[in-house]
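Undergrad:
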């Protein structure tokens, strides 16, 4: 059966006519509750929290919840948590300008009966800032500082037990130079060790983030050496994987690997520039890190040179730019290496 619930909502579901004349119905949606939604169907924050309830005569075997910000042209699957036998919750964050959000729920029960409910332009959401808005929110409206740097400690620490290199300090200095023109003469930047900001219990593997002088943070250094990047790494649209050796993967299915010559010198390196909105704390984090130290410096140099940033994450590539066949810090800092954007994930 197929019927319209409103001008923008459709429900497709299956039922079974039994030999005794009774009807077995497939799953049906009993209720959808979008938390904090106003009377004019607007959500004034970027994170969407939804509780929905299904009516089903048989056990649910397969259930998906998807959302779209382009009127159903493409869909993104959101995680589902089970509250009780028939009640579920989901949460996801919308990035970018204010936009409509569409929803789709698909369910299949133990009898193989299916249901699909789609709502186009269900409600309006104020999206989280993307890299396009940089240097916001890391500078205030008057251009003064609204962030602190987080750099990896130089001693072995964290889940991966690595120490950071001085290259991350170089990277943060380059970014500070971009921010500096807007600051009062006697102002200064704050830098934390990651061990000052992120807690880690080696017995349980649990990590947590503490309070800082400024609500927003800019982290330099990949997840191997910087626990703040490590804390958010697995939920970013571009992230680091340790499987087979450190490399970058994206939600679009691409992989990027660092290349060394026969002497172990860097021929090309890759880095991530990402922004993340933490819904639990309402804080923004900018995460910058390379597979190698050259990648971290290259990404920082790209930002420092006032290049435009886009999307939720960018993959940056650095390669030989002066013909010597390798990438060096000296040439990077002096603008002699080739730095380019390889991928933008929105």
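In the numbering used here, the protein residues as written are 766 to 1111. Ideal placement from N, C-alpha and C gives every residue a C-beta, glycine not left out.
(1) Can you tell me which of 981, 918, 1020 puts its alpha carbon nearest to the alpha carbon of residue 1042?
(2) Tell me the rounded alpha-carbon separation between residue 943 and residue 1074.
(3) Give the DSSP-derived three-state secondary structure of residue 943 in the structure shown.
(4) In whole angstroms, what is the alpha-carbon distance linking residue 848 and residue 930?
(5) Once the 5 residues before and after residue 803 are set aside, which same chain residues still bring their CB inside 8 Å of it?
(6) Is residue 1061 near residue 933, with beta carbons less than 8 Å apart?
(7) Using only CA atoms, which one of 873, 852, 1033, 1039 lies nearest to residue 1097?
(8) Where residue 992 and residue 779 are concerned, what is the direct C-alpha to C-alpha distance, given to the nearest angstrom?
(9) Taking only the alpha-carbon atoms, compute the straight-line gap between residue 1007 and residue 841 and give it to the nearest angstrom.
(10) Given this structure, state the Cα-to-Cα distance separating residue 928 from residue 989, to the nearest angstrom.
(11) Please go through the same chain and pick out, in chain order, the residues whose beta-carbon is closer than 7 Å to the beta-carbon of residue 1019, but skip the five residues on each side of it.
(12) Roughly how many whole angstroms lie between the Cα atoms of residue 1079 and residue 1028?
(13) Please go through the same chain and pick out, in chain order, the residues whose beta-carbon is closer than 8 Å to the beta-carbon of residue 1056, but skip the five residues on each side of it.
(14) Could you give the DSSP three-state label for residue 1028: helix, strand or coil?
(15) Give the single residue among 866, 799, 1087 whose Cα lies nearest to the Cα of residue 838.
(16) Rank 1031, 1047, 1111 by C-alpha distance to the C-alpha of residue 1103 and give the top, closest one.
(17) Report the start-end ranges of each beta strand (DSSP E) in the stretch 953-996 that is 3 residues or longer and not cut off at the edges.
(18) Can you tell which of 857, 880, 834, 830 has its C-alpha closest to the C-alpha of residue 822?
(19) Mapping DSSP to helix, strand and coil, what is residue 936?
(20) When you compare only the Cα positions, how much space is there between residue 868 and residue 882?
(21) Taking the beta carbon of residue 955 as the centre, do at least 16 other beta carbons fall within 10 Å, making it buried, or is it exposed?
(22) Whole angstroms are fine: how far does the CA of residue 983 sit from the CA of residue 1002?
(23) Classify residue 949: buried if its beta carbon has 16 or more other beta carbons within 10 angstroms, exposed otherwise.
(24) Nearest CA to the CA of residue 834: which residue from 796, 794, 892, 855?
(25) Nearest to residue 897 by CA position, among 1090, 1105, 1059, 1038, is which residue?
(26) Going by beta carbon distance, what residues of the same chain come within less than 6 Å of residue 1105, once the five residues before and after it are set aside?
(27) First and last residue of the alpha helix (DSSP H) that includes residue 1098?
(28) Counting only runs that start and end within the stretch 1016-1069, where is the alpha helix (DSSP H) found for 4 or more residues in a row?
(29) For residue 896, which of helix, strand or coil comes out of DSSP?
(30) Would you call the CB atoms of residue 889 and residue 850 closer than 8 Å?
(31) Go to residue 927, then tell me how far its beta strand (DSSP E) extends in each direction, as first and last residue.
(32) Determine the DSSP secondary structure at residue 1108, reduced to helix, strand or coil.
TA: Looking at the coordinates:
(1) The shortest C-alpha to C-alpha distance from residue 1042 to any of 981, 918, 1020 is the one to 981.
(2) Distance between residue 943 and residue 1074, taken at the CA atoms: about 13 Å.
(3) Helix at residue 943.
(4) Spanning the alpha carbons of residue 848 and residue 930 requires a straight line of approximately 45 Å.
(5) Apart from sequence neighbours up to five positions away, the residues of its chain that approach residue 803 with a beta-carbon distance below 8 Å are 809, ordered along the chain.
(6) The answer is yes: Cβ separation under 8 Å.
(7) Nearest of 873, 852, 1033, 1039 to residue 1097, Cα basis: 1033.
(8) Looking at the two C-alpha atoms, the distance is approximately 49 Å.
(9) Distance between the alpha carbons of residue 1007 and residue 841: 25 Å.
(10) The alpha-carbon of residue 928 is positioned some 8 Å away from that of residue 989.
(11) Excluding its 5 nearest sequence neighbours in each direction, residue 1019 has C-beta neighbours in its own chain below 7 Å: 1108, listed in chain order.
(12) In this structure, the CA atom of residue 1079 is about 29 Å from the CA atom of residue 1028.
(13) For residue 1056, where only same-chain residues beyond five positions count, the Cβ hits under 8 Å are 987, 1005, 1011, 1012, 1013, 1021, 1022, 1023, 1034, 1035, 1036.
(14) Coil, per DSSP.
(15) Comparing Cα-Cα distances from residue 838 to each of 866, 799, 1087, the minimum goes to 866.
(16) Checking every option, the nearest Cα to that of residue 1103 belongs to 1031.
(17) You should have 956-958, 963-965, 972-974, 981-985.
(18) Here the closest residue by C-alpha is 880.
(19) Three-state result, residue 936: helix.
(20) Taking the straight line joining both Cα atoms gives about 8 Å.
(21) By the neighbour-count rule (16 or more Cβ atoms within 10 Å), residue 955 is not buried but exposed.
(22) If you take the alpha carbons of residue 1002 and residue 983, they lie about 17 Å apart.
(23) It counts as exposed.
(24) Closest option to residue 834, Cα to Cα, is 892.
(25) Comparing Cα-Cα distances from residue 897 to each of 1090, 1105, 1059, 1038, the minimum goes to 1038.
(26) Cβ within range, chain order: 1082.
(27) Here the alpha helix (DSSP H) through residue 1098 covers 1094-1098.
(28) Taking 4 residues as the minimum length, the alpha helix (DSSP H) runs contained wholly in the stretch 1016-1069 are 1058-1069, in order along the chain.
(29) Three-state DSSP puts residue 896 in a helix.
(30) Going by beta carbons, residue 889 and residue 850 fall outside the 8 Å limit.
(31) For residue 927, there is no enclosing beta strand (DSSP E), since its DSSP letter is neither H nor E.
(32) In this structure, residue 1108 counts as strand in the three-state DSSP scheme.
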